[in-house]
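Read through the structure below, which is laid out as structure tokens, and then see the notes.
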Amino acid sequence: MSPNHGLEALTLRIAGEERTLYLRTNSSDSELVGQIFVDEAFSLAKLPRRDELLQWLSACRSSEKTPLIIDAGANIGLSSLALSAQIPDALVVAIEPDPDNFALLAMNTEGMPVLPLPAALGAEPTRAAIMDPGRGSWGIQTTTEGATEQSTLVPVVTVDEIIRCFEMSHCPGIVKIDIEGFESNVFSGSGVWHEAVPLVIVELHDWMLPRARTSHPVLRRLLESDRDFVIVGENLFCMLNDLDHRSGPLPERPTDSMTGTEIG
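Take the sequence shown: its position 201, counting from 1, is numbered 201 in the UniProt record's numbering, and each next residue is one higher.
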């Protein structure tokens with residue numbers, strides 16, 4: 001943990017139960033609490049087609065499988081907790097590359113059906129560098145270019161890898177992505193997960209990286225999979241228009257080579 005930050009404990013009632021969260025002082029953590037638990041940034045109740053999603057989740061359970069949620073850019077775990085509170089039987093795979101954020105993620109989700117994964121999300125299994133461009137703990141960026149000897153390197157996992165790891169026992173229902181511009185990499189690959197996951201929640205970062213066109217591959221791939229788009233706060237909620245046949249295995253794609261990060 002950075003020597004510039006102490007820790008403070010905050011008790012919140014989440015899904016009817018009191019839970020102690022650990023936040024860094026002099027950081028953006030308290031603002032995240034406001035966004036997620038006061039403004040309800042990830043509230044599924046704000047979706048016009050929420051009932052359809054709930055029906056899909058019920059069909060998943062009827063097939064003797066458990067809902068799977070992937071939270072990429074989980075930060076200190078608040079988004080994972082908010083999603084878990086709404087679908088309590090789901091397994092949440094919480095992906096976070098920054099070591100300081102990850103330490104709090106593990107603390108804040110202890111005892112919950114959340115699997116913290118110290119990695120970055122990308123298009124292909126590889127390794128990437130993380131950096132702080134000056135925006136603090138909620139602005140950590142990932143890059144596969146320009147790494148130096150001083151760079152912190154982390155493994156990169158793909159959505160397809162995670163889904164295939166759990167496909168015998170879980171149905172992928174939600175993928176949430178807030179990874180500070182690296183979403184362009186995620187959606188530029190050959191993965192096919194976007195054709196199968198009912199709900200994708202993504203924050204775009206053209207406002208942060210003007211003229212970098214980081215939103216272009218995101219929107220292109222999501223449009224290809226035929227979705228409704230609903231803006232909720234800073235996030236784009238993208239729901240498949242045809243949910244009837246989306247609970248099966250992923251379509252075939254070229255074989256992934258695993259990154260060496262243990263999943264599950």
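A virtual CB, placed ideally from N, CA and C, is assigned to each residue, including glycine.
Nearest to Ile201 by alpha carbon, out of Ser188, Leu240 and Asn185?
In the sequence shown, the residue the question calls residue 201 occupies position 201. Ranking Ser188, Leu240 and Asn185 by Cα distance to Ile201 puts Leu240 first.
For Thr142 and Thr25, what's the separation of their Cα atoms in angstroms?
Taking the sequence shown and counting its residues from 1, one reaches residue 142 at position 142. Taking the sequence shown and counting its residues from 1, one reaches residue 25 at position 25. Their backbone Cα atoms lie some 24 Å apart in a straight line.
Is Ile69 near Asn101, with beta carbons less than 8 Å apart?
Numbered from 1 along the sequence shown, position 69 holds the residue referred to as residue 69. Numbered from 1 along the sequence shown, position 101 holds the residue referred to as residue 101. Cβ distance not < 8 Å, so Ile69 and Asn101 don't count as in contact.
Under 8 Å Cβ to Cβ from Ser188, same chain only, skipping five residues before and after it: list those, please.
Locating residue 188 in the sequence shown gives position 188, where the first residue counts as 1. Taking C-beta separations shorter than 8 Å and ignoring five residues to either side along the sequence, the partners of Ser188 in its chain run Ala123 and Pro217, following chain order.
In this structure, does DSSP put His205 in helix, strand or coil?
Locating residue 205 in the sequence shown gives position 205, where the first residue counts as 1. Note: His205 maps to coil in three-state DSSP.
Between the stretch 164 to 183 and the stretch 103 to 111, are three or more C-beta pairs nearer than 8 Å?
no
Status (buried if at least 16 other CB within 10 Å, exposed otherwise) for Gln35:
One-based indexing of the sequence shown puts residue 35 at position 35. By the neighbour-count rule (16 or more Cβ atoms within 10 Å), Gln35 is buried.
Take the Cβ of Glu234 as the centre, count every other Cβ of all protein chains shown within 10 Å, and call the residue buried at 16 or more, exposed below.
Along the sequence shown, one-based indexing puts residue 234 at 234. Classification for Glu234: exposed.
Segment contact, 8 Å Cβ cut-off, at least three pairs: the stretch 81 to 91 with the stretch 49 to 67
yes
Can you check the UniProt domain "Methyltransferase FkbM" (71 to 228) for any beta strand (DSSP E) of at least 3 residues that lies completely inside it and give the ranges in chain order?
91 to 95, 114 to 117, 126 to 131, 141 to 143, 152 to 157, 170 to 177 and 199 to 202
C-alpha distance - Ala103 paired with Ser184, whole-angstrom precision
Working through the sequence shown from its first residue, we reach residue 103 at position 103. Working through the sequence shown from its first residue, we reach residue 184 at position 184. Cα to Cα, Ala103 sits roughly 26 Å from Ser184.
Looking at the strands, I want to know which residues DSSP matches up with Leu10.
Numbered from its first residue, the sequence shown carries residue 10 at position 10. DSSP output for Leu10 lists Leu21 as bridge partner(s).
Where does Val186 land, buried or exposed, given buried means 16+ other C-beta within 10 angstroms?
The sequence position of residue 186 within the sequence shown is 186, counting from 1. Burial call: buried.
In or out: Pro48 buried (at least 16 other Cβ within 10 Å) or exposed?
Working through the sequence shown from its first residue, we reach residue 48 at position 48. The residue in question, Pro48, is exposed, as its Cβ has fewer than 16 Cβ neighbours within 10 Å.
Can you list, in chain order, the residues of its chain with a C-beta nearer than 7 Å to that of Leu12? Leave out the 5 residues immediately preceding and following it.
Indexing the sequence shown from 1 puts residue 12 at position 12. Correct list, in chain order: Arg19, Leu21 and Phe37.
Put Ile36 into one of helix, strand or coil per three-state DSSP.
On the sequence shown, position 36 is the one that residue 36 refers to. DSSP places Ile36 in helix when its eight states are reduced to three.
For Leu240, does the three-state DSSP call read helix, strand or coil?
Against the sequence shown, residue 240 aligns to sequence position 240. Strand, per DSSP.
Identify every residue that forms a DSSP beta bridge with Leu53.
Start at 1 with the first residue of the sequence shown, and residue 53 comes out as number 53. Leu53 is not bridged to any residue.
Burial state of Ala72, where buried means 16 or more other Cβ atoms lie within 10 Å
Residue 72 sits at position 72 when you count from the first residue of the sequence shown. Answer is buried; the Cβ neighbour count reaches 16.
Thinking C-alpha only, which one of Thr158, Ala74, Trp207 and Val197 is nearest Glu96?
Within the sequence shown, the letter at position 96 stands for residue 96. Nearest C-alpha to Glu96: Ala74.
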